[in-house]
Amino acid sequence: MDFISILSIFVMACFVGYYVVWSVTPALHTPLMAVTNAISSVIVVGALVASAAAGSPLAKWLGLGAVVLASVNIFGGFAVTERMLAMYKKKDKPAAKGDSK
Amino acid sequence: METHAVNPWVAVAYLVAGVCFILALRGLSSPATSRKGNRYGMFGMLIAVVTTLMTHEIASLPEIVGAIVIGGGVGFVIARRIQMTAMPQLVAAFHSLVGLAAVLVAVAAFLNPGAFGILGADGNILTVSRVEMALGAAIGAITFSGSVIAFAKLNGNMSGAPIMLPARHVINLGTLILILVLTGLFTNSGQAGPGENVLFWIVVALSFAIGFLLIIPIGGADMPVVVSMLNSYSGWAAAAMGFTLHNTAMIITGALVGSSGAILSYIMCKAMNRSFISVIAGGFGADAGGAGDGGTKEQRPWKRGSAEDAAFLMKEAENVIIIPGYGMAVAQAQHALREMGDLLKEHGVNVKYAIHPVAGRMPGHMNVLLAEASVPYDEVFELEDINSEFAQADVAFIIGANDVVNPAAKTDKSSPIYGMPVFDVDKAKTIFFIKRSMGGQGYAGVDNDVFYMDQTMMLLADAKKMVEEIVKAL
């Protein structure tokens with residue numbers, strides 16, 4: 812892929828992010844931070860590339876270090892988000908429609 | 393050999409992962425859909441990891457699996473055990489890990505550019521990749537050291553008071569400019585010589601330093617902005633590495649996380665009526681902790697209430713609005729508070745919770761704590777949705793909040809919090825204000841007229857003890 816295509820994806824994704832995040836209900840802003848933290852660990856892709864490659868042993872170990880750190884985040888981030896989201900409950904009567912905008 | 397640039401299905405897989413991450417955030421538009429969203433996030437991550445492992449020749453599979461198991465195990469245990477009140481620290485700590493991981497990946501790419509496919513025909517790292525790499529490493533380093541300081545301040549390892557270095561604005565600006573200049577030099581240096589190496593390492597080292605310097609002058613209660621900002625940085629770091637790797641999943645995610653953190657910072661700043669620049673410049677609330685408790689100010693008359701008074705008046709009330717703040721989190725009073733709310737509801741009282749956007753130490757902090765205490769989320773309201781209801785409220789019950797109910801924000805132009813949107817508690821018939829003592833003041837270090845109003849009763853005690861006593865009296 813050339814630089815311009817990548818840049819286009821990036822710019823479009825910024826706009827998507829802008830609209831998606833504004834639609835997040837303020838009550839869920841803490842889970843939002845936890846989950847964005849978890850998904851930003853997609854940097855693990857770079858860490859895997861570094862640690863999988865032969866050639867530079869130092870780069871490999873740095874990559875493995877990054878895999879450990881990113882894994883803490885991936886598992887920790889998603890698990891803690893799940894734990895938080897499980898606590899959000901509605902009032903007992905199921906008819907109530909309770910999205911605070 | 394297949395590489396990620398050749399096989400179109402690989403690109404599609406990363407794109408799918410990116411879309412899953414978008415859906416993960418989309419799910420958070422309502423608590424009802426949020427858990428499904430989180431599953432999308434996990435699924436997207438699985439796709440990204442599996443795709444990477446399948447499309448690269450792996451020279452060290454056991455080590456990689458070991459690294460994932462160790463990291464994953466640690467993360468999982470932490471996530472299970474962490475107290476909900478410690479969530480701001482946890483998020484800060486997690487940000488620091490993403491930042492450090494980004495630095496490590498950038499350094500690894502610098503040391504072994506061939507593996508990342510960023511070598512040009514002349515055997516040197518491509519110019520554009522050099523910019524991306526240096527920026528990724530710099531942003532990652534700032535995220536790391538900034539988050540470590542934020543963590544220490546939130547966790548109490550370090551005083552929440554701002555630490556002011558002399559001439560810090562000059563130092564900070566100078567360092568930032570230096571980082572940019574060196575990045576430019578590094579980008580334009582032609583061959584991979586030792587001089588080039590040094591430039592790269594200096595950029596990384598300076599970035600670690602600037603992250604530290606930027607956050608130490610910022611006070612504890614401005615941490616919601618800082619944590620959101622670092623959240624944003626961790627996204628930009630991931631995006632920069634995505635550019636290096638030509639990886640759509642990383643670019644999409646980086647953009648999402650980057651905008652998410654930026655929007656949250658904006659919301660927090662707006663809720664304090666302060667500009668982003670003034671928050672980042674730091675020093676706010678510097679004199680709040682310094683002055684001795686009481687004594688220095690002229691004494692104004694105020695009324696002291698008891699748990700029995702509070703129980704009696706709230707039982708008879710029709711509408712009660714509860715305003716929690718950081719003090720509730722510190723005292724871990726959310727469970728007792730919910731119990732109180734339940735008892736009041738049994739007496740036919742209409743109980744609502746009102747949450748200010750900057751209450752607590754991170755966006756949505758109070759909502760999570762109330763949810764933890766099983767308060768239904770449809771009883772919890774945002775500032776603009778509930779503020780008109782104080783006129784009909786019989787009781788405003790303030791627990792651990794202060795600045796967000798200070799009428800000076802509406803009337804006193806000289807007040808440091810002037811212009812900040814606040815709850816109109818003064819319109820309620822009766823106000824109960826739980827506070828540890830009369831001496832201490834809110835974060836902004838300003839006196840609060842609500843203390844001295846005719847309809848206000850101060851309940852001076854630890855928030856949790858006081859609420860438990862009210863529960864008993866009910």
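The listed protein sequences correspond, in order, to chains H and Y.
For what it's worth, the numbering used here labels the leading residue of the first sequence as 812, then goes sequentially.
For what it's worth, the numbering used here labels the leading residue of the second sequence as 393, then goes sequentially.
Backbone N, C-alpha and C fix where the C-beta goes; we use that ideal spot for every residue, glycine too.
Note that this is a predicted model, so its numbers are computed, not measured.
In this structure, Y:M642 keeps its C-beta atom at 8 angstroms or more from the C-beta atom of Y:V497. Using a Cβ distance threshold of 8 angstroms, Y:P423 and H:L875 do not count as a contacting pair.
Y:M720 is outside the set of residues whose beta carbon lies under 8 angstroms from a beta carbon in chain H. When the beta-carbon positions are compared, Y:G811 and Y:A801 come within less than 8 angstroms of each other.
Rounded to the nearest whole angstrom, the C-alpha separation of Y:G509 and H:V832 is 33 angstroms.
Here Y:I608 carries a coil assignment [DSSP, helix/strand/coil].
Near chain H, meaning a CB-to-CB distance below 8 angstroms, the residues of the stretch 513-539 of chain Y are V520. In this structure, H:G828 keeps its C-beta atom at 8 angstroms or more from the C-beta atom of H:S852. For Y:R472, the residues of chain H that pass the 8 angstroms Cβ criterion are A890 and R894, in the order they occur in the chain.
Per DSSP, the unbroken alpha helix (DSSP H) holding Y:K802 starts and ends at A800 to T803. Y:M556 and Y:L565 have their C-alpha atoms some 15 angstroms from each other.
Excluding sequence positions up to five before and after Y:S426, its CB lies within less than 6 angstroms of the CB of G419 and L420, all in the same chain and listed in chain order. In chain order, A530, V595, L598, S599 and I602 place their CB closer than 8 angstroms to the CB of Y:I571, counting only its own chain and leaving out the 5 sequence neighbours on each side. Think of a sphere of 8 angstroms around the beta carbon of H:S834: the chain Y residues whose beta carbon falls inside it are R418 and S421, in chain order. In this model, Y:S670 and Y:D614 are separated by some 11 angstroms (Cα to Cα). Residue pairing from DSSP leaves Y:E700 without any beta-bridge partner. Contact of H:I817 with chain Y by beta-carbon distance below 7 angstroms involves F635, H638 and I643. Listed as beta-bridge partners of Y:M850 by DSSP are Y:R696 and Y:F825. By the rule that beta-carbons nearer than 8 angstroms mark a contact, Y:L492 touches chain H. Per DSSP, reduced to three states, the secondary structure at Y:E708 is helical. Within the stretch 614-626 of chain Y, the residues whose Cβ lies closer than 8 angstroms to any Cβ of chain H are, in chain order, V619, S620, N623 and S626.
Not a single C-beta of chain H is nearer than 8 angstroms to the C-beta of Y:M664. The contact set of Y:E449 on chain H, defined by CB atoms closer than 9 angstroms, consists of A863, A864 and A865 in chain order.
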